[in-house]
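All remarks here apply to the structure that follows.
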Amino acid sequence: MVNMNETVKEVKNSINSTKDSQQIVKALSRLHCYLPGVDSPVSIEEKIDFIQHHYIRFLYFLLENIDSSLENTWNTEQLAIFDDFFLKGSLNDSLIALVSAIGAMKPSFKLEKCVTLIETIIKPKQLSKLFINICKLENNSFVIHECVWNDLINVVISLPERLANKLQMNNRLIFYPEKYFENISAAIVITLKMVADELREEKSCSLQFLSRLYGRCCAIGRADAVLMCLLTRLIRSDDYIWRRMCQKFLLDVPDRHLENMLSSLVKLVPQMKWMSVVLGDAVTINSKLRMLLTKKFLLLRTFNDDKVSWNILGYLNETSVELSISVFKSLLAIWGDKIAVNQTSLSQHIYITKALLICAGLLKRENLSILRDELVVKLMEGVSCHLGSPHENIRILGMVTAECLIHLIDPDAPPLKFEYRDTEETRSLKALIKSDVLTGEIDISYMDEITEQLETLDLENPVELLSKKEDKVEDLDSDDDLEPYDMSNDAPVSKMKKPSYLRDCLEGLIDQNNPDRTEICLQTAEYLIRNERDLSAELATEVVQVLLHLEDNCSITNFLILRQKSLVAALVCSPVKVAIYLTRQFSEPNYSLRQRLDILEVLTAAAQELSEPTNANNSQEMSENSQSPALVPQKIDDWKEIIAKRIASKTKYFHKAKKTPNAIASRFAPVAGYFFFDLMRNFDERRNSFDLLGDDCIVLGRLLHTLGNIMYAAINAPIVPQMARSLLDFILVLRFHPESYIRKSVLFAFCMLILAVPSHMMYQDFQCDFLECIQWLQGLKSKNLKSVVSHDKDQECRYLAGQALILSRNSHVGSPGIRNVLVFQKLFSQFFAAFDDIHRSNIVKRNPSFATELGKEKRELSCHIENRLPIVKVVVSRRCLHREKNLQMSDENEQVVDQVKEEEEEISSYKPPPEKSLQDILAADENDESLRKYKETLLGNATTETIIIVPDDPRKVLVQKLVLVAAGRTDIELDLTGDLTQLKKQEFKIKEGVQYRIRIDFLVQREIVTGLKYVQKTYRKGIQVDKMAHMVGSYAPKQEIQSYLTPLEDAPSGLLARGGYSVKSCFTDDDNTEHLKWEWAFEIKKEWE
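Put into structure tokens, the structure is as follows:
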């Protein structure tokens, strides 16, 4: 067997060593016989070896070394040999090599020769041979050739633009887009016919390549040509195989191109009955197809041709009646929605109206009568929306639609009749319900040429010819019984030597001329970086710079994964310098969005790796294993260790103590700031190539995710407070972003911040900003601000907001709660509201000195509150500044204060005993003489007789009066036995700052009362400002008045405290029995009256 490597080398040397055309042709003739399309005695194995291992490289060699002298010195036969290397070899390799070569050529005969060869290859007959070779599974493996498909498809699709840019005014007609894609369409249709013939002969074929190629044609708006050819043959042919094959071809189009294909299909199908022939029942199987036909094409997009709606709805009705009914309900709901009527354009609404009428006309009346009540209600709601529109066209649409639909939905109901002008538009709308089908014609102007090519086309490809001739030469033994080797785990063998040093690897990454070297260097880059003992910061930064700008020009397998791992390894090994470089380069110009996203991904992965605890022993073992075995010293076990191991192996343990975990220092804590702060630098700057707050919002969302992950990775680090402060400010700026993706990222970052920051730090250092975020989530900031949890348009945003609230509540158990902060904020609102009322009064105008006293009182009270509760320090200061700037407080602001709920009462662990009568108490333990005497002493006369003071009053407690007791003053009494409604008119006059007590006189009759309690709530201008509850105790029935005196209380003092107060008092017990409930009032004055 000929050594192919030596032969190819000799031919190349001969061509390089001479310029004689005869010598060159003689050298080419040595390889000419190895071409698949040339009849020669060479074996098929040698031809396949040449095609697979040497062909495309030899083509590049020819194109580089054959100069323009062949125009004058080469004859026709010699030029034919040269052409055979491109036309009778592997056509896909030839096309790729020719298109790649012309990019660097200048206008010359060589360029014209290459363009002529390309023109020959892209003719339908020649191109279909290329396509059928790819489709046949017997000659091609899907796994092997899929990597070549994308390159070939890119070349085929971009060829008109490439040649137009290269040839410019000398461009040929066949390369004009219209003519070019006609040839591509013809080649695809010819290939499909050849595939159908192969299937009839029970041979395996695949349409994946053709579907991908057609999908790319659809993406650039060239879908109509192929569809017109297919639809013409589908209409003219009843062949089942051809129809099934066309369905497979169209439905295998990639999902990203499916919408473009369907958009052309629904426009070109002449009758709706052919939709089911083209698509079959795919709408019930393919979810993407169902979404496009039932949602996007009918509800979101607009088509000017009514044939589109007929084709879609007719296909749905023929395929699935249930699906058609569902679409009708959706159309009716959108048509009758008030918001949709007001916000959609007139053309869009007309399109939906026509689709609704067509769908109603296609459905049977039996299907509509089943849902009559539901449909009538929706229809009437929609009619009212249309009639209320200010636009006349909308009102007419509502009238016509109501007249047509009510007759179909409920034939027995009286017909609706509206008054409007009868125009051509209204008549066309009414005709949509009565029409059955639409007819149309397909342009088949260039189909005659395709038919002629089909008749003269030789269906045998070169590979089949070679295999047939080889079978005639010798009959090989069958090897069907041999079991093939399992090669799934075999690793590819590379001829390139792996670099041993990081500098050599770096040079290989920079050198893009050798793809094999670049690939092997990228594969070993991570290993070399992690095992570099003295990796300097400068070298690590240089590696990151090269990797960040490295592009996949060589189609390296797993290129993105290998590059990211190498970047993460460099950042982990030298975190400070590399992090500074990456974070500063993130906001620099002249970077693509992909590179900026790569920076964020690398920072996130490195932060997570550095934050994970590592074992020092494991890291030492890894470093030792990375060295050469000859350099690692052998470890000799000590005799004590050997004896201890033997004893441990032969000792039986019944219980083993738990090992205490060893504390390991975090590697990320010292460097967390380098990962974090520079990322937010210049985020609000707007540049020509980068605008985070504008069009590049996807980078902004990923930035927030990265900041949240870094924040969580830095948990318990000393720099967390500074990071939390910056991240909170960043969140407050972006929380109202219109994009839902940004709001989800903000919520994610806020959740990470809650998890990373300790609870005590959150309420001591960031209480104001944290409270503002909670108010944003709950909608408590203002009356017009709605809750994110319940009113955000995006469902995932609502879910994340709920999770954030749960985290904020669960992570701060035992700390001052959010509820306390809100209550104090409410009190401050009351305080400053009173301040504004006084400041607006005429007193300040008449006496300017009051303004000075007013400000002094305000500052004193603010300091008093600040000392009692540090959590409200910032709240007080901000509200003070706000009130000093704007002293006009509206009624709306007063209502905002009322949105804050009252502080809940503390639930005591005390459980009252079950209620017992006096007789039951006396009967218990009656045999115990000492206990019986003790009960008589406590209960007095109640042990011998039932004490009833007021027979007509069934109450047990009769409250007589309320007394205000102040030192040095006569007691002020309030009679509670009369008309309680008059008590509000009697005000106590109390001097500010005085100490006082409240005494309550009451009688107890009939039974013992347990757990008496006095509750008092104080209000100022309708807002609760104070609440106190005193446990009075348990009392037995007596004829005498019993009293309770409250502890000393301080009356409010200061200018703001003066004024009237209303009080609600209640006397209750353990059984929640309200013995008396009354309201009274008092007034704080500067002096006693």
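Numbering (the working numbering), first residue to last: 1 to 1089.
All C-beta atoms in this analysis are idealised placements derived from N, C-alpha and C, irrespective of residue type, glycine included.
- Apart from the 5 residues on each side of it in sequence, residue 1086 sits with its Cβ closer than 7 angstroms to the Cβ of 992 and 1058 in its chain, given in chain order.
- At the C-beta level, residue 1030 and residue 1010 stay beyond 8 angstroms of one another.
- Taking C-alpha positions only, residue 356 is separated from residue 336 by approximately 11 angstroms.
- Excluding sequence positions up to five before and after residue 543, its CB lies within less than 8 angstroms of the CB of 502, 506, 525, 529, 566 and 570, all in the same chain and listed in chain order.
- In this structure, residue 82 sits near residue 28, with a CB-CB distance shorter than 8 angstroms.
- The continuous alpha helix (DSSP H) containing residue 406 extends over residues 392-409.
- Within the model, the alpha-carbon separation for residue 1019 versus residue 1025 is close to 5 angstroms.
- For residue 1002, the secondary structure class from DSSP, reduced to helix, strand or coil, is strand.
- Burial of residue 136 is indicated by the presence of at least 16 other C-beta atoms within 10 angstroms of its C-beta.
- Where residue 1035 is concerned, there is no enclosing alpha helix (DSSP H), although the beta strand (DSSP E) around it starts and stops at 1023-1035.
- The beta carbon of residue 971 lies closer than 6 angstroms to those of 963 and 965 in the same chain, with the five residues before and after it left out.
- By the criterion of a C-beta distance shorter than 7 angstroms, residue 78 is surrounded in its chain by 21 and 25, once the five residues flanking it on both sides are discounted.
- Looking at the backbone, the Cα of residue 124 and that of residue 210 are separated by about 14 angstroms.
- With fewer than three CB-CB distances shorter than 8 angstroms, the stretch 947-956 does not count as touching the stretch 982-997.
- In the DSSP secondary-structure assignment, residue 993 is not bridged to any residue.
- Rounded to whole angstroms, residue 248 and residue 207 show a C-alpha spacing of 8 angstroms.
- Here residue 219 has 257 and 260 as same chain residues with Cβ atoms under 7 angstroms from its own Cβ, once five neighbours each way along the sequence are excluded.
- For residue 595, the enclosing alpha helix (DSSP H) begins and ends at 593-611.
- In this structure, residue 1051 keeps its C-beta atom at 8 angstroms or more from the C-beta atom of residue 1004.
- Contact check for residue 523 against residue 553 fails: the beta carbons are separated by 8 angstroms or more.
- Its Cα nearest to that of residue 1038, the residue 946 stands out among 946, 90 and 263.
- Straight-line measurement puts the Cα of residue 4 at about 30 angstroms from the Cα of residue 499.
- Nearest to residue 351 by C-alpha distance, out of 996, 778, 675 and 301, is 301.
- Annotated three-state conformation of residue 792 is coil, per DSSP.
- Under the three-state reduction of DSSP, residue 1062 is assigned to strand.
- Judged by DSSP in its simplified three-state form, residue 554 adopts coil rather than helix or strand.
- From the listed residues 96, 577, 6 and 273, the smallest Cα separation to residue 539 is found for 577.
- Judged by DSSP in its simplified three-state form, residue 266 adopts helix.
- Residue 334 and residue 340 have their C-alpha atoms spaced approximately 6 angstroms apart.
- Here residue 772 has no same chain residue with a Cβ atom under 6 angstroms from its own Cβ, once five neighbours each way along the sequence are excluded.
- Pairing residue 957 with residue 1075 gives a Cβ-Cβ distance under 8 angstroms.
- Here residue 417 has 403 as same chain residues with Cβ atoms under 8 angstroms from its own Cβ, once five neighbours each way along the sequence are excluded.
- Collapsing the DSSP output to three states places residue 768 in a helix.
- The DSSP-derived three-state label of residue 305 is coil.
- For residue 10, the three-state secondary structure derived from DSSP is helix.
- Note: residue 963 is bridge-paired with 973 and 999 in the DSSP secondary-structure output.
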